[in-house]
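Beneath this line is the structure, given in structure tokens, with notes to follow.
Protein chains: 2
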Amino acid sequence: MSALDAIHALRDALGADVVALPEEFGDKRVADWSGLPSARPLALLRPRNADEVANALAICTRYRQPVVTQGGLTGLVGGANLRGDEVALSLERMNRIVEIDAVSGTITVEAGVALQIVQEAATAAGFYFPLDLGARGSCVIGGNLATNAGGNRVIKYGMMRDQVLGIEAVLASGEIIGGLDKMIKNNSGYDLRHLLIGSEGTLAVITRVVLRLRPKPTAAATAWCGLPDFESVTTLLTRAQASLAAGVSAFEVMWAGYHDAVITNLNTLRAPLADAHPFYVLLESVGADPARHNEAFEEFLGAMLEAGVVTDAAIATNEAHARDFWAIRDAPGEYQRFIPDHAAYDVSFSIAQAGDAAQRCEARLRERWPDALVMTYGHLGDGNIHIVVDVPGMGKHDHDDIDRVIYDVTREFNGSISAEHGIGTKKRDYLPQSRRKADIAAMRAIKTALDPLGILNPGKVV
Amino acid sequence: MSALDAIHALRDALGADVVALPEEFGDKRVADWSGLPSARPLALLRPRNADEVANALAICTRYRQPVVTQGGLTGLVGGANLRGDEVALSLERMNRIVEIDAVSGTITVEAGVALQIVQEAATAAGFYFPLDLGARGSCVIGGNLATNAGGNRVIKYGMMRDQVLGIEAVLASGEIIGGLDKMIKNNSGYDLRHLLIGSEGTLAVITRVVLRLRPKPTAAATAWCGLPDFESVTTLLTRAQASLAAGVSAFEVMWAGYHDAVITNLNTLRAPLADAHPFYVLLESVGADPARHNEAFEEFLGAMLEAGVVTDAAIATNEAHARDFWAIRDAPGEYQRFIPDHAAYDVSFSIAQAGDAAQRCEARLRERWPDALVMTYGHLGDGNIHIVVDVPGMGKHDHDDIDRVIYDVTREFNGSISAEHGIGTKKRDYLPQSRRKADIAAMRAIKTALDPLGILNPGKVV
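Each protein sequence line maps, in turn, to chains P and C.
Be aware that the first sequence starts at 5, since it is given in my numbering, and climbs by one per residue.
Be aware that the second sequence starts at 5, since it is given in my numbering, and climbs by one per residue.
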């Protein structure tokens, strides 16, 4: 049984239109955004429905042919990249919205539909789909599930895991599991959905899903705050969560080092406050009932200024003004322009320890590289901190050493080496820094139970 | 290797204080509230910490000795009951609150602590722990996790699954997995937490957990509404979720049959509205900022009356008044007084189909038992309906036939046979009504992967 036999069998069963050979799919992009090495697939499978996926995987199992499932290819950890002995299974043709159920508040979609299409369909139906990230136009729902995507509004709405009611998926054997369930509560046996979510394509291929829709917010308020110390940042967070009736929809903290570097290096950005502060917070609340909502937001911010929790603040007077605040927080999209070779981290801690952890990371980095540029920011309401590091003349060796510094501190604070991006191949060797040996053994046992031949996304995660 | 050898080895390793023999634990209750058959355990293990649990399970694995983990024994499906060849592992001594972290908003507890103790500790620390159910004084956190408990406030705060940050557990082998993580976001490998939640003690013994605390609500409003039809009920739900800024914290629907039966049979209850209506809804909103909150709630209800969505309504004027409304919804605690032999169901559907599904259940029951008492009510915001059935002179045979009617309709509507109570032994034979054959095979493969000898809660769920 050679890979050639597998591809012949696939082509016989599914046709040349579904199973393309390298000379047919040409130079089509088949690697993610990580920049990590990737090979070309032996064939590119583009099934049109769950039955074709099932058929393809059953054949791959018969021939022990490895398969890498690919969605929008916007991942950052090499999770969809190839070693060279695999076929790629692209969900690009499974990109339809199946149904919107306005009474149940659900949208049923194929796994290859782009996140932005789902957001737009929800809005058109009078609802809101809250998951949002920069890659919204390219990333697809199946990939959002495979990586349990996060983003800016997790603090109010949760991660991708929290948006899902039903998942239909195909196991390596070609058997279909799950379904298009719309029940919010379902305690009938093990929750296979949650096991598949975040498993990065190693346990099954997700084919269709039922997502939960939320009411469309009709009120929003956004403020940019300057704060004196990290304790004030956590105080502001706790008080905002207790006082703002609609809840906090974004709480993005930026250390001064981040703020100053992006304002200095990107001339499209302007500092919202006149003076410098050790910490900045972008605070946002969304809800219903604009008059009461905005009045309460202003009252709250006034109380925080009076209490000295916030030193200075600006409230966005309109949407364009709010977008200017968000542009500072979204500056990482523009890093390439001034630090093309930077190292970037996506770690999480308890909220209480995030400040100390970030401080220790920076101190350790400066011991070794006194001139390092260290930019720290993130979704503090979720304990999720991004750290971006640039050292003069950075090479591969420095990059590995910086990895070690960050992940050592992460272990010391019992944090996670991957808050939202996943493990892929990039962080696989560091997984023991975040998980016990027995956890990893249990993951491997589950992997073997569901994919005994190891044909699904081999070499990823575990 | 006999069971006797196992018990000797356990007693040698852990001492007589931890491993009690039948003559020592006497007539202590060791069965749940289901009334299903249960045997006495060969020994009762009461470990004091995770290491003792690990030690005990390693010995049980060595001797292939089955173990049933027991918490508060308040389950309704036989999930903690015994066949007769098992030892019982009680978490009653692991009942301490380990830590409250007010900055991170977390509480760390041992798995044997009662739900009500956690609620009280949260309140004392200025927070709120939202999960709530009638058995709060007896049920324990480990059991709430093992069954993914629900309750009345799922619509705003989610189920037990949504309250958990970290889980430490012991596998059948005696290895400890997981830990006391406080990260809200953690995408480092498979999420073993979510696999254990709802697995009813068949995959591991949960020993300690980190739970998420919420801000304590400072405002609450409660209304009792009479509605003309099911469509109006779902309209009220959708509009309330979109319009009430703080969100809906309870949306309990009662069909007229339920309302009339409990008001007639329980003389402590009084109907809140003068006229009869086909449907009643208990609507509650909790949040911050009482003045704005209550004013908005009244405005919303006024608009619903004007639109004819709600025919008549009463707003609770104080807490005692609100408790009177809740007493009607909580009447199931008193059923034994007028229908001692009833059959009770906990099913879920999409919100849109819940009305038709309930109607079909009632129609099918009446075809066979024209005089049946059918009481339908539930957490409609979660698609979760409870159906209680009493037929004249009900015997075991009737009970089985009623099961079949309800679960057939559940399958026809693609619903779940267990929204919140779990499977245990009671619903095991009906699991194929809610889950695919391939799902059940996958669950069995996972069970075998994590508990190869099948010593944990044998015969339950799968």
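C-beta: ideal position from N, C-alpha, C; glycine also.
Cβ contact check for the segment 438 to 446 of chain C and the segment 439 to 449 of chain P: 3 or more pairs under 8 Å: no
Residues that residue 216 of chain P bridges to, as DSSP identifies them: P:110
Validate contact between the segment 356 to 366 of chain C and the segment 322 to 335 of chain C using beta carbons, cut 8 Å, 3 pairs: No: fewer than three Cβ pairs fall under 8 Å.
Determine the burial state of residue 233 of chain C: buried for a count of at least 16 other Cβ atoms within 10 Å of its Cβ, exposed for fewer. Result: exposed.
Comparing the C-beta of residue 346 of chain C with each C-beta of chain P, is any distance below 8 Å? no
Can residue 53 of chain P be considered in contact with the ligand FAD, in the sense that its beta carbon sits closer than 7 Å to one or more heavy atoms? The ligand FAD is not among the ligands present in this structure, which contains no ligands whatsoever.
Would you kindly work out how many angstroms separate the C-alpha atoms of residue 133 of chain P and residue 402 of chain C, rounded to a whole number? Between residue 133 of chain P and residue 402 of chain C, the C-alpha separation is close to 46 Å.
Excluding the five sequence neighbours on either side, which residues of its own chain have a C-beta within less than 6 Å of the C-beta of residue 345 of chain P, listed in chain order? Apart from sequence neighbours up to five positions away, the residues of its chain that approach residue 345 of chain P with a beta-carbon distance below 6 Å are 398, ordered along the chain.
Does the distance from the C-beta atom of residue 354 of chain P to that of residue 192 of chain C stay below 8 Å? no
Proximity of residue 369 of chain P and residue 421 of chain P at Cβ, strictly below 8 Å: no
Looking at residue 155 of chain P and residue 423 of chain P, is the spacing between their C-beta atoms short of 8 Å? no
When the Cα atoms are used, what is the spatial distance from residue 115 of chain P to residue 297 of chain C? 40 Å
Round the Cβ separation of residue 58 of chain P and residue 174 of chain P to the nearest angstrom and send it over; I've been treating them as touching at under 8 Å. 5 Å
DSSP beta-bridge partners of residue 209 of chain P: DSSP lists P:174 as partners of residue 209 of chain P.
If you measure beta-carbon to beta-carbon, which residues of the segment 131 to 154 of chain P are closer than 8 Å to chain C? 151, 152 and 154
Residue 4 of chain P by DSSP, collapsed to three states: which one? The structure shown has nothing for residue 4 of chain P, since chain P only spans 5 to 466.
Determine the chain C residues that contact residue 282 of chain P at a beta-carbon separation under 7 Å, and present them in chain order. Within 7 Å of the CB of residue 282 of chain P, no CB atom of chain C is found; the nearest one sits about 18 Å away.
At the 8 Å Cβ level, is residue 411 of chain P part of the contact set with chain C, yes or no? no
Quick one: is residue 69 of chain C buried, meaning 16 or more other Cβ sit within 10 Å of its Cβ, or exposed? By the 10 Å Cβ count, residue 69 of chain C comes out buried.
For residue 293 of chain C and chain P, any beta-carbon pair shorter than 8 Å? yes
Return the first residue and the last residue of the alpha helix (DSSP H) that residue 362 of chain P is part of. 355 to 372
Among C:184, C:290, C:96 and C:453, which residue has its Cα nearest to the Cα of residue 2 of chain C? Since the first and last residues shown for chain C are 5 and 466, residue 2 of chain C lies out of range.
For a contact defined as C-beta to C-beta under 9 Å, what are the partners of residue 466 of chain P on chain C? 193 and 194
Which residues bound the alpha helix (DSSP H) around residue 390 of chain C? Premise fails: residue 390 of chain C lies in the beta strand (DSSP E), 388 to 394, not in any alpha helix (DSSP H).
How would you write the range of the alpha helix (DSSP H) that residue 245 of chain C sits in, first residue to last? Looking at the DSSP string, the run of the alpha helix (DSSP H) that includes residue 245 of chain C is 234 to 247.
Using a C-beta to C-beta distance shorter than 9 Å, which residues of chain C count as neighbours of residue 158 of chain P? Residues of chain C passing the Cβ test: 188 and 189.
Proximity to residue 36 of chain P [Cα-Cα], best of P:47, P:64, P:99 and P:80: P:80
Considering only C-alpha positions, which residue in the set P:85, P:336 and P:325 is nearest to residue 4 of chain P? Outside the shown range of chain P, which is 5 to 466, sits residue 4 of chain P, and nothing can be said about it.
Pick from C:449, C:394, C:351 and C:262: whose alpha carbon is nearest that of residue 1 of chain C? Residue 1 of chain C is absent from the model: chain C starts at 5 and stops at 466.
Mapping DSSP to helix, strand and coil, what is residue 73 of chain C? Correct three-state label for residue 73 of chain C: strand.
When Cβ atoms are compared, which residues of the segment 94 to 115 of chain P fall closer than 8 Å to chain C? 105, 106, 107, 108, 109 and 110
Under 8 Å, Cβ to Cβ, is there at least one residue of chain P near residue 435 of chain C? yes
Between which two residues does the alpha helix (DSSP H) carrying residue 133 of chain C extend? Segment: none, residue 133 of chain C is in no alpha helix (DSSP H) and carries neither H nor E.
Counting only beta-carbon separations shorter than 8 Å, does residue 325 of chain C have a partner in chain P? Closer than 8 Å: no.
Unbroken alpha helix (DSSP H) runs of length 4 or more, entirely within the segment 136 to 169 of chain C: which are they? 145 to 150 and 158 to 161
According to DSSP, what are the bridge partners of residue 420 of chain P? P:352
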